[in-house]
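Numbering (the working numbering), first residue to last: 1 to 122.
Structure first, commentary second.
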């Protein structure tokens with residue numbers, strides 16, 4: 001990897017019982033809705049937790065099709081490159097945590113398709 005991605009942010013929270021200080025702003029931002037849109041919350045991506053072991057799904061035992069194997073081979077080659085660059089599971093987990101990205105989040109594209117600084121989470 002030639003360049004390092006810098007991801008940063010800040011969050012402020014009050015201590016229990018604290019009060020926000022007074023502040024005056026240049027603009028009340030009352031017209032925010034003209035520039036933003038709201039999307040309904042999607043349904044849950046996972047079934048409710050039951051505490052029971054998963055029920056076997058016959059599809060889990062199926063071998064990938066030839067078409068699916070083409071994608072698998074591409075992914076395995078990409079993994080080999082990343083392993084050669086000393087990528088570990090811990091750094092992947094840290095990357096998700098640093099970006100506050102949830103690996104099981106429903107996405108337009110799978111998480112492995114996001115690489116480089118110009119990619120946005122959907």
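Even for Gly, the Cβ is constructed at its ideal location relative to N, Cα and C.
Whole-angstrom C-beta distance between residue j and residue i, which should lie under 8 Å
{"i": "residue 64", "j": "residue 74", "result": "Not confirmed; about 13 Å, so no contact."}
First through last residue of the alpha helix (DSSP H) which encompasses residue i
{"i": "residue 14", "result": "Unbroken run through residue 14: none, as it is neither H nor E."}
{"i": "residue 88", "result": "Premise fails: residue 88 is in no alpha helix (DSSP H) and is neither H nor E."}
Three-state secondary structure assigned by DSSP to residue i
{"i": "residue 21", "result": "coil"}
{"i": "residue 46", "result": "coil"}
{"i": "residue 81", "result": "helix"}
{"i": "residue 27", "result": "coil"}
{"i": "residue 98", "result": "helix"}
{"i": "residue 58", "result": "helix"}
{"i": "residue 134", "result": "Missing from the structure shown is residue 134; the chain here goes from 1 to 122 and no further."}
{"i": "residue 40", "result": "coil"}
{"i": "residue 34", "result": "helix"}
{"i": "residue 52", "result": "coil"}
Cutoff 8 Å: residue i Cβ touching any chain B Cβ
{"i": "residue 51", "result": "Although the question refers to chain B, the structure presented lacks it and comprises just one protein chain."}
Residues of its chain near residue i, where Cβ-Cβ distance is below 8 Å and the 5 sequence neighbours each way are ignored
{"i": "residue 14", "result": "20"}
Close Cβ partners of residue i (< 6 Å) along its chain, the five nearest in sequence each way excluded
{"i": "residue 86", "result": "none"}
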